[in-house]
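Residues in the sequence shown are numbered consecutively from 1, following our numbering. Where is the CB? At the ideal position from N, CA and C, for every residue including glycine.
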Amino acid sequence: MTYRNPPTTPRKSATFDDYTLSEIRRAAATGIYDIRGGGAKRKLPHFDDLLFLGASISRYPLEGYRERCDTSVVLGSRHAKKPIELKIPITIAGMSFGSLSGPAKEALGRGTTLAGTSTTTGDGGMTEEERGHSKQLVYQYLPSRYGMNPRDLRRADAIEVVVGQGAKPGGGGMLLGQKISDRVAEMRTLPKGIDQRSASRHPDWTGPDDLEIKILELREITDWEKPIYVKVGGARPYYDTALAVKAGADVVVVDGMQGGTAATQEVFIENVGQPTLACIRPAVQALQDLGMHRKVQLIVSGGIRNGADVAKALALGVDAVSIGTAALVALGDNDPHWEAEYNELGTTAGAYDDWHEGRDPAGITTQDPELMKRVDPIAAGRRLANYLKVMTLEAQTIARACGKNSLHNLEPEDLVALTIEAAAMAGVPLAGTNWIPGKNGF
């Protein structure tokens with residue numbers, strides 16, 4: 001009798017998975033690296049790895065229907081004559097006109113005005129739609145200087161000096177020629193239809209001492225009225241935060257690697273920087289070591305999705321958070337309504353990230369006149385305001401359950417971690433223990 005080995009199930013490599021194999025084939029066929037938008041897609045330690053400890057006997061909860069929980073925050077009170085006062089600690093991150101369509105920028109302004117918060121211009125200058133519909137508008141001052149002029153600096157409510165971005169710390173951005181329309185070209189002083197790359201560093205300084213000089217120049221231009229933010233990518237948050245404070249920043253913005261971008265190399269997005277969760281405690285520690293915690297406000301961005309994320313960031317010592325990708329989804333980006341058209345582009349709703357191509361079926365990340373018509377800025381603004389309202393209510397619900405009458409009273413003691421990695425990054429105990437990895441030499 002002949003015995004044969006039973007057939008085995010084919011086993012694919014964990015290292016050379018299907019996506020890796022497809023990338024090797026694409027690189028071999030084209031000879032160019034992949035460019036896309038969005039943030040890191042790999043699984044990283046994140047806010048889901050933290051849990052709140054609600055009140056019981058040792059803590060006294062608040063009643064949601066009759067006891068107030070404050071959500072307001074003031075940004076820029078260190079030096080500015082006119083700090084920004086927000087009703088909620090959730091802002092909109094910088095996303096450029098050029099990357100986004102005009103109607104999308106208008107919708108961001110409308111939504112944040114309804115919600116009582118601020119939005120941010122992004123690279124490429126200030127549009128009249130955004131300024132006209134934004135009660136509080138932060139003007140980004142980037143290495144490219146695209147669209148920068150003293151008039152708009154004075155028209156802004158705050159200025160954000162961008163040193164780095166979470167999706168690409170140390171790298172510059174891209175805006176491909178198909179999105180450089182007549183209007184974008186005029187605003188950026190660029191030739192129409194020609195690929196554009198933003199610089200990775202500012203042309204007029206080489207270190208923190210030069211940054212201090214630049215901040216003073218911006219204060220003089222704006223008569224010391226406007227708060228000055230400094231935004232850094234999540235690479236070395238302790239030292240970058242400390243140096244930003246030394247240079248005179250009113251607000252420090254730290255953007256983790258889950259933060260998105262309009263377009264850059266995928267190898268950058270997935271392999272440079274640190275997870276947002278890993279950036280918070282070092283940045284807070286820098287402020288505490290300098291005696292500036294709560295005097296210089298800290299904003300964190302990168303992968304914020306819901307009110308629980310907001311509450312967890314604030315509990316770790318942040319003053320406010322900023323959202324980008326989530327805001328675009330609220331406006332209508334990656335909506336299954338356009339699934340057939342996403343399929344025609346070789347993708348699916350929820351995975352579309354080729355924002356640089358300017359063919360977004362939702363009309364948000366495009367300059368195509370016909371596609372842009374699909375965005376109703378009034379309706380999209382209302383959706384964004386609704387989303388911000390829900391996030392705020394969720395954060396308040398958690399704060400009350402922890403016995404806090406203000407979101408800013410949440411603290412690390414209210415948190416535990418589900419994994420050793422998250423416990424070490426956040427500086428909170430592993431659930432069921434009092435062990436914080438890395439503390440006291442353990």
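* Asked: What is the DSSP secondary structure of M148, counted as helix, strand or coil?
  -> What you label residue 148 is simply residue 148 of the sequence shown in a count that begins at 1. In the structure shown, the three-state DSSP call for M148 is coil.
* To do: Alpha carbon to alpha carbon, how far is A263 from W355? Give it in angstroms, no decimals.
  => Position 355 of the sequence shown holds residue 355. Position 263 of the sequence shown holds residue 263. In a straight line, the C-alpha of W355 is about 7 Å away from that of A263.
* Length of the line joining the Cα atoms of D70 and A417 -> Reading the sequence shown from its first residue, position 70 is the one you call residue 70. Reading the sequence shown from its first residue, position 417 is the one you call residue 417. C-alpha of D70 to C-alpha of A417: approximately 26 Å in a straight line.
* Buried or exposed: where does T261 fall if 16 or more other Cβ atoms within 10 Å of its Cβ makes it buried? -> As a first step, residue 261 is located in the sequence shown; it is residue number 261 there, counting from the start. With a threshold of 16 other beta carbon atoms within 10 Å, T261 meets it and is buried.
* State the DSSP-derived secondary structure class of K231, mapped to helix, strand or coil. => As a first step, residue 231 must be located in the sequence shown, where it is residue number 231. Reduced to three states, the DSSP call for K231 is strand.
* To do: Decide if I194 is buried, meaning its Cβ has at least 16 other Cβ atoms within 10 Å, or exposed.
  => Residue 194 sits at position 194 when you count from the first residue of the sequence shown. The residue in question, I194, is exposed, as its Cβ has fewer than 16 Cβ neighbours within 10 Å.
* By a C-beta neighbour count over all protein chains shown, 10 Å radius and 16 as the cutoff for buried, is E63 buried or exposed? -> By one-based count along the sequence shown, residue 63 stands at place 63. The residue is exposed, with fewer than 16 neighbouring Cβ atoms inside 10 Å.
* Can you name the start and end residues of the alpha helix (DSSP H) that I24 belongs to? -> Taking the first residue of the sequence shown as 1, we reach residue 24 at position 24. It spans D18 to T30 - the alpha helix (DSSP H) in which I24 sits, taken as one unbroken run.
* Span separating the alpha-carbon of L316 from that of F52 -> Residue numbering aside, residue 316 sits at position 316 when the sequence shown is read from its first letter. Residue numbering aside, residue 52 sits at position 52 when the sequence shown is read from its first letter. When rounded, the distance between both Cα atoms is 12 Å.
* **Segment contact flag, the stretch 33-52 with the stretch 423-436, C-beta cutoff 8 Å, min 3 pairs** => Yes: at least three Cβ pairs fall under 8 Å.
* May I ask which residues mark the beginning and end of the beta strand (DSSP E) holding D210? => Reading the sequence shown from its first residue, position 210 is the one you call residue 210. D210 -> not in any beta strand (DSSP E); alpha helix (DSSP H) instead, spanning P208 to I221.
* Asked: Is it true that the CB of V296 sits closer than 8 Å to the CB of V252?
  -> Stepping through the sequence shown from its first residue, residue 252 is reached at position 252. Stepping through the sequence shown from its first residue, residue 296 is reached at position 296. In this structure, V252 places its C-beta atom within 8 Å of the C-beta atom of V296.
* Test item: CB-CB of D319 and I304 under 8 Å -> For the purposes of this step, residue 319 is identified with residue 319 of the sequence shown, where counting begins at 1. For the purposes of this step, residue 304 is identified with residue 304 of the sequence shown, where counting begins at 1. Result no, Cβ atoms of D319 and I304 do not sit closer than 8 Å.
* **Of the listed residues M174, G256 and H133, nearest to Q471 (C-alpha basis)** => Limits of the chain in this structure are 1 at one end and 442 at the other, which puts residue 471 out of reach.
* Asked: Quick one, are the C-beta atoms of G102 and T121 less than 8 Å apart?
  -> Start at 1 with the first residue of the sequence shown, and residue 102 comes out as number 102. Start at 1 with the first residue of the sequence shown, and residue 121 comes out as number 121. Between G102 and T121, the CB-CB gap reaches or exceeds 8 Å.
* **N149, buried or exposed, once every other Cβ within 10 Å from all chains shown has been counted against 16** => In the sequence shown, counting from the first residue as 1, residue 149 sits at position 149. So N149 ends up on the exposed side.
* Asked: Roughly how many angstroms separate the alpha carbons of G332 and I32, rounded to a whole number?
  -> For the purposes of this step, residue 332 is taken as residue 332 along the sequence shown, with counting starting at 1. For the purposes of this step, residue 32 is taken as residue 32 along the sequence shown, with counting starting at 1. In this structure, the straight-line span from the alpha carbon of G332 to that of I32 is close to 31 Å.
* Asked: Cβ of G124 within 8 Å of Cβ of M187?
  -> Locating residue 124 in the sequence shown gives position 124, where the first residue counts as 1. Locating residue 187 in the sequence shown gives position 187, where the first residue counts as 1. In contact: G124 and M187 (Cβ atoms closer than 8 Å).
* To do: Could you tell me the boundaries of the alpha helix (DSSP H) in which T91 lies?
  => Residue 91 sits at position 91 when you count from the first residue of the sequence shown. From DSSP, T91 is part of no alpha helix (DSSP H) but of the beta strand (DSSP E) over I90 to I92.
* Three or more C-beta pairs closer than 8 Å, one from the stretch 66-86 and one from the stretch 351-368: is that the case here? -> Here the stretch 66-86 does not lie against the stretch 351-368, with fewer than 3 beta-carbon pairs under 8 Å apart.
* Based on the DSSP output, what are the partners of M187 in its beta bridges? -> On the sequence shown, position 187 is the one that residue 187 refers to. According to DSSP, residue pairing for M187 in a beta bridge does not occur.
* Taking the CB atoms as reference points, tell me whether L137 and A107 lie closer together than 8 Å. => By 1-based counting over the sequence shown, the position of residue 137 is 137. By 1-based counting over the sequence shown, the position of residue 107 is 107. In this structure, A107 does not lie closer than 8 Å to L137 by Cβ.
* In three-state terms, what does DSSP make of A242? -> Position 242 of the sequence shown, counted from the first residue, corresponds to residue 242. The answer is helix: DSSP assigns A242 an H, G or I state.
* Asked: Where does R154 fall in DSSP's three states?
  -> Here residue 154 is taken as the residue at index 154 of the sequence shown, counted from 1. The answer is helix: DSSP assigns R154 an H, G or I state.
* Grouping DSSP H, G and I as helix and E and B as strand, with all else coil, what is E160? -> For the purposes of this step, residue 160 is taken as the residue at position 160 of the sequence shown. In this structure, DSSP gives E160 an extended state, which the three-state scheme calls strand.
* Asked: Residues in its own chain within less than 8 Å of E129 by CB, not counting five upstream and five downstream?
  -> Here residue 129 refers to the residue found at position 129 when the sequence shown is read from its first residue. Here the set comprises G102, P103, K105, E106, G109 and P377.
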